[in-house]
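Reminder that position 330 of the sequence shown reads as 335 in my numbering, one-by-one numbering, no gaps.
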Amino acid sequence: MPTDHWQQHQITFPDRETARAAITERLAPALREAEAHRQLSSWWFMNKQPWPLRYLAGHPAPAVEAVLDALVADGIASSWTAGIYEPETDTFGGRSGMAAAHDLFHEDSRHLLTYASGPGRLGRPETAVLLMSSMMRAANLDWFEQGDVWSKVTELRPAISRPAPERYAALLPAMRKLMSTEARSLCRAGGPLDGHAEWVAAFERAGTTLAYLAAQGELTRGLRAVVAHHMIFHANRAGLPSADQHALSHIAREVVMGSSDNTASAAANDSAADSVSVVNTHTLTTPEADAERLRNALVDQIQAEGHARTPAVEDALRTVPRHRFVPDAPLTDAYANAPVNVKYDTDGTSISCASQPAVVALMLDQLHARPGERILELGAGTGYNAALIGHLVGPDGHVTTIDVDEDLVDGARAHLADTGFTNVEALTRDGALGHAEGAPYDRIIATVGAHGIPHAWLEQIAPGGRLVTPQRLTGSVSRSIIYEERDGRWVSSGSQMNTFMPLRRGIADDDRRVVPLSTTSTVRLQAPSGQGFDAHALAGVLEQPRIEEWTGMKVRAMESPEWMELFVSCSLPSGLIRMLFPQDAKGTVLTDDPYPSSSAAVDKGALTYLTRRLLAEKTLEGGKLWEFGVVGHGPGSEELASQVANAIRIWDREYRGREATFELLPLDGPPTEQQPGRFILDTPLNRVLVNWQ
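What follows is the structure, given as structure tokens:
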């Protein structure tokens, strides 16, 4: 089967009105039918002369060409020719940005062809402002950054004539309504965008994706410059003349910037600007609408990262209102992809939080809860995760969530009641003991970190059930592991890199301690409390002379070295321990690019940590490469650095590309032989077999 690539047809029509009617009535149905039969995909168009149609296919689609031939034969189109599509990749921020643009172009084209004008509907100028404002909010652009985007569009679409400034001043209130309106609220039944929620969602997804690409350094242009070109492409596709584009962007810029001169103006075509005033005050945003918009944008981001892979998990995340479980947090914090701390220890250390939403989604994917199941959650927190699980199991299922802190349980119970979750109960218990009264459970999930796996958890799982737990394996290295019983053995069926706050105040306590490494205490180890080493010997160790050893192990941009981290940690007596440091420690106390995860190894007064350096060498595709190295300080650091570097090289040479499996073994069981690529890790409650073979 031939590889799909972009096909382009250049279609010449006598005028725009003929083109619009022919495309809507004749060509669009043919495109949808060809798409349904998988003859093509990702079709889109631009509204200009000649009219370019583009789609992905192994070869030109016969059904489309037949319609084009018929349009010419009927005298509706003057002609059509095959062309070569040249994507404006640099304009849209590089290859990743162009891919996001193509996704948006397709959805935008579909809805522009099916959105009918008429009473109660919006005009093209209004939908342009609504959609682009939705996109910019989803891209996390603040009010003034949005104003800068509109300013860029104004510059790219200059004025031809200059109507009086007061003409535009009269339109500012209507434009402000459009810019602040939650477009999704207009998609309600009978609303002006009824049936077109996916149109709005497509612009929000594009904004979320572009923000993510910008944060990862994957855009080759500034985010706002890319968004400005999206505005122009949408307006062109919608058939808005250049003068109307200037009018809209100028008024929008004035809404934000409020400049006093108001000298810039649009062409004499005032009807497009006048039509902005059709939006009524009832379409203004409400806090709940803002929450829904932010929640959906967050889920779009989570899915772009590869989580919330099932429709059930996606629906739960889009439905359950996270802000109602963290009522003291600003709405933007409630829907940021970050933890929200809700309780602190006496020293200011966070001991409970609403977990990072991407991590929540990851673990819900692992849990695979189904309607009607009974679930035990260990670590109630705010109650949000229990509510998500309650949504997944439905009214015929049941969730029990337990926590050691009564105040947290009271809060979770109140949040669950406030949001109407009657199939979830919150109890004060030691999580390590589980809840035998409600056993057996189809699934048990721990949202607190464990080192040893409590026996009660395994005993309370029903046959064929599943345990999902973040487990600290060695040093500070943790993974969220799925354990299932097979032939009397508890073995893993998958794992993901993950770290949670540890179990506290119970039989499986796995608390942490902080050890300063510099005289200013700005760089510290966050080590498991049970890990024995001499904190006094490490005081000020970073002020001692530095040694370096580079390993030859290279990684690409965005490549996770998580399995290397685990392998090296398993290979060292101390494991790899998390090292905390502020940004200003880079290039001063530490190297320019210290590895930010579990990084440090300790042996008496010696300390090493992992670092990276950018290489001149490139990948075959021209991408960047980094090399891992080991930095050491203190007496014996050369030997320790050599040991760490050797473990990295062994992993790179023998085990790179493999994933480890995990098995729980009893402490009193027969000894298990440790072999290359096979490690035995003792915890207070059981042994863990980590196996790369």
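For every residue, glycine included, the Cβ atom is placed at its ideal position computed from N, Cα and C.
Please name the residue in 239, 578 and 569 whose C-alpha comes closest to that of residue 479.
Numbered from 1 along the sequence shown, position 474 holds the residue referred to as residue 479. That would be 578, whose Cα lies nearest to the Cα of residue 479.
Would you mind working out which of 594, 78 and 451 sits nearest residue 521, comparing C-alpha positions?
Along the sequence shown, read from residue 1 onward, the residue named residue 521 stands at position 516. For residue 521, the nearest C-alpha among the options comes from 594.
Residues bridged to residue 87 by DSSP?
The sequence position of residue 87 within the sequence shown is 82, counting from 1. According to DSSP, residue 87 bridges with 14.
To the nearest angstrom, report how far apart residue 509 and residue 376 are at their CA atoms.
Numbered from 1 along the sequence shown, position 504 holds the residue referred to as residue 509. Numbered from 1 along the sequence shown, position 371 holds the residue referred to as residue 376. Low confidence applies here, because residue 509 scores a pLDDT of 44, under 50, leaving its location unreliable and the question unanswered by this model.
Given this structure, state the Cα-to-Cα distance separating residue 14 from residue 214, to the nearest angstrom.
In the sequence shown, residue 14 corresponds to position 9, counting from 1. In the sequence shown, residue 214 corresponds to position 209, counting from 1. Rounded to the nearest angstrom, the two C-alpha atoms are 29 Å apart.
Have a look at residue 1 and residue 88 and give me their C-alpha separation to the nearest angstrom.
Residue 1 cannot be examined here, being either before or after the span of the chain that is shown, 6 to 698.
What is the rounded straight-line gap between the Cα of residue 24 and the Cα of residue 82?
In the sequence shown, residue 24 corresponds to position 19, counting from 1. In the sequence shown, residue 82 corresponds to position 77, counting from 1. Roughly 8 Å separates the two Cα atoms.
Does DSSP put residue 440 in a helix, a strand or coil?
If you number the sequence shown from 1, residue 440 lands on position 435. Of the three classes helix, strand and coil, the one that applies to residue 440 here is coil, per DSSP.
If you count every other CB in all the chains shown that lies within 10 Å of the CB of residue 153, and 16 or more means buried, which is it?
To locate residue 153, count along the sequence shown from 1; it is residue 148. Answer is buried; the Cβ neighbour count reaches 16.
Do you know how far the Cα of residue 210 is from the Cα of residue 108?
On the sequence shown, residue 108 is found 103 positions in, with the first residue counted as 1. On the sequence shown, residue 210 is found 205 positions in, with the first residue counted as 1. Those two C-alpha atoms are separated by around 9 Å.
Going by alpha carbons, who is nearest to residue 642 out of 672, 610, 659 and 660?
Working through the sequence shown from its first residue, we reach residue 642 at position 637. Comparing Cα positions, the closest option is 610.
Between the Cα of residue 646 and those of 311, 552, 179 and 155, spot the shortest distance and give me the residue it belongs to.
Position 641 of the sequence shown holds residue 646. Of the candidates 311, 552, 179 and 155, the one whose C-alpha sits nearest the C-alpha of residue 646 is 552.
Enumerated in chain order, which unbroken segments of the alpha helix (DSSP H) with a length of 4 residues or greater are wholly contained in the region 80-145?
Listed in chain order, the complete alpha helix (DSSP H) runs (minimum 4 residues) inside the region 80-145 are 100-119 and 129-143.
Let me confirm a value: residue 63 is counted as buried when at least 16 other C-beta atoms fall within 10 Å, else exposed. Which label applies?
The residue you call residue 63 lines up with position 58 of the sequence shown. With fewer than 16 other Cβ atoms within 10 Å, it is exposed.
Between the region 425-441 and the region 406-417, are three or more C-beta pairs nearer than 8 Å?
Touching, yes.
Whole-angstrom Cβ separation of residue 260 and residue 177, contact assumed at under 8 Å?
Here the question's residue 260 lines up with position 255 in the sequence shown. Here the question's residue 177 lines up with position 172 in the sequence shown. Indeed they touch by this definition, with Cβ atoms about 6 Å apart.
Rounded to the nearest angstrom, what separates residue 592 and residue 483 at their Cα positions?
Position 587 of the sequence shown, counted from the first residue, corresponds to residue 592. Position 478 of the sequence shown, counted from the first residue, corresponds to residue 483. Going from the Cα of residue 592 to the Cα of residue 483 covers about 28 Å.
From residue 492 to residue 680, what does the alpha carbon distance come to, in whole angstroms?
In the sequence shown, the residue the question calls residue 492 occupies position 487. In the sequence shown, the residue the question calls residue 680 occupies position 675. If you take the alpha carbons of residue 492 and residue 680, they lie about 24 Å apart.
How about residue 368 and residue 458: are their beta carbons less than 9 Å apart?
Residue numbering aside, residue 368 sits at position 363 when the sequence shown is read from its first letter. Residue numbering aside, residue 458 sits at position 453 when the sequence shown is read from its first letter. No, the pair does not count as a contact, with Cβ atoms beyond the cut-off.
Classify residue 182 as buried or exposed, calling it buried when 16 or more other Cβ atoms lie within 10 Å of its own Cβ.
Translated into positions along the sequence shown, residue 182 becomes position 177. Classification of residue 182: buried, given that the 10 Å Cβ count is 16 or more.
Which class does residue 266 belong to by DSSP, given the choice of helix, strand or coil?
Here residue 266 refers to the residue found at position 261 of the sequence shown. Confidence is the limiting factor: at residue 266 the pLDDT is only 39, short of 50, which leaves the residue's position unreliable, though a coordinate-based value still follows. In the structure shown, residue 266 sits in coil (DSSP, three-state: anything other than H, G, I, E or B).
Cα separation between residue 158 and residue 44?
Counting from one through the sequence shown, the residue named residue 158 turns up at place 153. Counting from one through the sequence shown, the residue named residue 44 turns up at place 39. Straight-line Cα distance between these residues: approximately 36 Å.
Let me check one thing: in DSSP terms, what residues is residue 696 bridge-paired to?
Along the sequence shown, read from residue 1 onward, the residue named residue 696 stands at position 691. For residue 696, which the question treats as bridged, DSSP gives the partners 666 and 683.
Go through its chain and collect everything with a Cβ distance to residue 620's Cβ below 6 Å, but skip five positions before and after it.
Walking along the sequence shown from the start, residue 620 turns up at place 615. Hits under 6 Å: 630 and 632.
Could you tell me the alpha carbon to alpha carbon distance between residue 488 and residue 692, rounded to whole angstroms?
Along the sequence shown, read from residue 1 onward, the residue named residue 488 stands at position 483. Along the sequence shown, read from residue 1 onward, the residue named residue 692 stands at position 687. Distance between the alpha carbons of residue 488 and residue 692: 14 Å.
Determine the direct distance from the alpha carbon of residue 203 to that of residue 461, and round the result to whole angstroms.
Stepping through the sequence shown from its first residue, residue 461 is reached at position 456. Stepping through the sequence shown from its first residue, residue 203 is reached at position 198. Roughly 46 Å separates the two Cα atoms.
Between the Cα of residue 570 and the Cα atoms of 648, 656, 115 and 75, which residue gives the shortest distance?
The count along the sequence shown starts at 1 and reaches residue 570 at position 565. It is 656.
Flag residue 52 as yes when its Cβ comes closer than 8 Å to any non-hydrogen atom of the ligand ZN, and as no otherwise.
Questions concerning the ligand ZN fall outside what the structure shown contains, since it holds no ligand whatsoever.
How is the alpha helix (DSSP H) around residue 148 delimited, first residue to last?
Start at 1 with the first residue of the sequence shown, and residue 148 comes out as number 143. Its alpha helix (DSSP H) spans residues 148-161.
In the DSSP assignment, find the alpha helix (DSSP H) that holds residue 323 and state where it starts and stops.
Your numbering for residue 323 matches position 318 in the sequence shown. Counting along the chain, the alpha helix (DSSP H) containing residue 323 begins and ends at 316-324.
With a 10 Å radius around its C-beta and 16 neighbouring C-beta atoms as the bar for buried, classify residue 148 as buried or exposed.
Position 143 of the sequence shown, counted from the first residue, corresponds to residue 148. Classification for residue 148: exposed.
Can you give me the C-alpha to C-alpha distance between residue 162 and residue 425, rounded to a whole angstrom?
For the purposes of this step, residue 162 is taken as residue 157 along the sequence shown, with counting starting at 1. For the purposes of this step, residue 425 is taken as residue 420 along the sequence shown, with counting starting at 1. Going from the Cα of residue 162 to the Cα of residue 425 covers about 51 Å.
Hey, how far is the Cα of residue 200 from the Cα of residue 188?
To locate residue 200, count along the sequence shown from 1; it is residue 195. To locate residue 188, count along the sequence shown from 1; it is residue 183. Distance between the alpha carbons of residue 200 and residue 188 is about 12 Å.
Under the rule that 16 or more other beta-carbon atoms within 10 Å means buried, what is residue 689, buried or exposed?
Counting from 1 along the sequence shown, the entry for residue 689 is found at position 684. By the 10 Å Cβ count, residue 689 comes out exposed.
Whose C-beta lies closer than 7 Å to the C-beta of residue 403 among residues of the same chain, with five residues either side of it excluded?
Looking up residue 403 in the sequence shown gives position 398. 379 and 428, listed in sequence order.
Using DSSP with H/G/I as helix, E/B as strand and the rest coil, what is residue 500?
Position 495 of the sequence shown holds residue 500. Three-state DSSP puts residue 500 in a strand.
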